[in-house]
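> Residue numbers (the working numbering): 7 to 246. In this text, a Cβ means the ideal position worked out from N, Cα and C, and glycines have one as well.
(1) Which residue wins for smallest C-alpha separation from residue 10, given the options 238, 232, 177?
(2) With distances taken from CA atoms, which of 214, 210, 197 is nearest residue 12?
(3) Assuming residue 203 is part of the beta strand (DSSP E), what are its boundary residues?
(4) Return helix, strand or coil for residue 108, following the three-state DSSP convention.
(5) Quick check: what's the CA-CA separation for residue 23 versus residue 175?
(6) Give the DSSP-derived three-state secondary structure of residue 178 in the structure shown.
(7) What are the boundary residues of the alpha helix (DSSP H) that residue 84 is part of?
(8) Going by other Cβ atoms of all chains shown within 10 Å of its Cβ, with 16 needed for buried, is residue 70 buried or exposed?
(9) I'd like to know if the stretch 149-165 and the stretch 191-198 are in contact, where contact means that at least 3 CB-CB pairs between them fall below 8 Å.
(10) Should residue 224 be labelled buried (16 or more other beta-carbon atoms within 10 Å of its own) or exposed?
(11) Rounded to the nearest angstrom, what separates residue 89 and residue 139 at their Cα positions?
(12) Would residue 116 and residue 77 qualify as a contact pair, given that the criterion is a beta-carbon distance under 8 Å?
(13) How long is the line joining the alpha carbons of residue 36 and residue 114, rounded to whole angstroms?
(14) Please name the residue or residues paired with residue 28 in a DSSP beta bridge.
(15) Three-state secondary structure (DSSP) at residue 124?
(16) May I ask you to list the residues that DSSP assigns as paired with residue 18?
(17) For residue 66 and residue 72, I'd like the C-alpha separation in whole angstroms.
(18) Considering residue 235, what are the terminal residues of the alpha helix (DSSP H) in which it resides?
(19) Going by Cα to Cα distance, which pick from 203, 101, 144, 237 is closest to residue 163?
(20) Would you identify the three-state DSSP class for residue 39, choosing helix, strand or coil?
Written as structure tokens, this is what we have:
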């Protein structure tokens with residue numbers, strides 16, 4: 007561990023999920039590949055869309071509804087509905103197909119297991135203090151076994167803007183009934199997690215599992231309170 011700011015006792019923790027508790031990129035890549043094969047096998051015109059066309063479609067949808075930038079699930083559903091018009095004219099049939107495609111992706115996106123050490127640390131933490139998950143993603147916590155440890159899962163959505171906006175941090179503090187400075191947010195992203203949490207009054211712990219823990223290689227706008235070498239370091243930051 008390395009401390010960068012004065013650190014005071016914490017009574018609860020909030021956690022980012024993707025790239026903090028597990029390496030998310032290969033999971034997403036596999037899920038995208040699974041969805042692509044699913045679409046190609048059933049809807050050839052939609053399946054022929056290039057990655058650039060999908061990106062342009064998503065950008066156009068966000069331009070019409072900026073809230074979709076915070077809700078990855080809704081953005082994907084909207085994208086599927088529009089793309090599938092290439093193959094399906096009937097509205098009800100297209101909606102059913104979009105839902106099936108979304109479920110294909112969502113199942114594959116959450117098809118992984120947390121490392122044993124992660125389970126062990128979260129289990130020990132949850133016995134001592136309340137934990138809340140704060141994520142910009144849309145992983146299914148039930149499929150990954152995380153519901154055992156977290157009191158609540160807050161997802162970026164049309165209701166809660168994505169980090170670094172304060173919406174989910176403020177909601178977490180309200181649910182915990184604690185002053186923000188008594189809450190430690192653990193996350194990998196220097197802007198979305200560290201800056202966002204500090205702006206909301208939280209203390210912060212920086213931990214990334216998808217890259218080398220070297221703060222000199224990060225785009226740092228504000229320093230975290232502490233950087234960790236492993237998730238297990240958190241056990242030393244709270245009383246037994």
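Let's see:
(1) 232
(2) 210
(3) Careful: residue 203 lies outside any beta strand (DSSP E), inside the alpha helix (DSSP H) at 202-205.
(4) helix
(5) 14 Å
(6) helix
(7) 78-89
(8) exposed
(9) no
(10) buried
(11) 32 Å
(12) no
(13) 7 Å
(14) 24
(15) helix
(16) 189
(17) 10 Å
(18) Neither: residue 235 is in no alpha helix (DSSP H) and is coded neither H nor E.
(19) 144
(20) helix
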